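*Asks:* In the numbering used here, the protein residues as written are 1185 to 1249.
Just so you know, even glycine gets a beta-carbon here, dropped at the ideal spot from N, CA and C.
Predicted model only: the values in this text are computed from it and were never measured.
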């Protein structure tokens, strides 16, 4: 039986460090959550949280189609 998925929060910030979006990611562990957050189509700086613990800071670049 596999472990239940954990729910992580991901916050995207603008250049003034104000939260632009807040979303949830489900993953089995920190590595999976980080991989999902890096692959997601979020632009700019992001923080990934597990409860009160910051898991990672991700510095994304603005994507163009």
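Considering only the alpha carbon of each residue, which of 1186, 1212 and 1196 lies closest to residue 1205?
*Replies:* 1196
*Asks:* Might you give, ordered along the chain, the residues of its own chain that have their beta carbon closer than 8 Å to the beta carbon of residue 1189, omitting 5 neighbours on each side?
*Replies:* 1210, 1211 and 1212
*Asks:* Buried or exposed for residue 1194, going by 16 or more other Cβ atoms inside 10 Å?
*Replies:* buried
*Asks:* Helix, strand or coil: how does DSSP classify residue 1219 here?
*Replies:* helix
*Asks:* Beta strand (DSSP E) containing residue 1210: first to last residue?
*Replies:* 1203 to 1211
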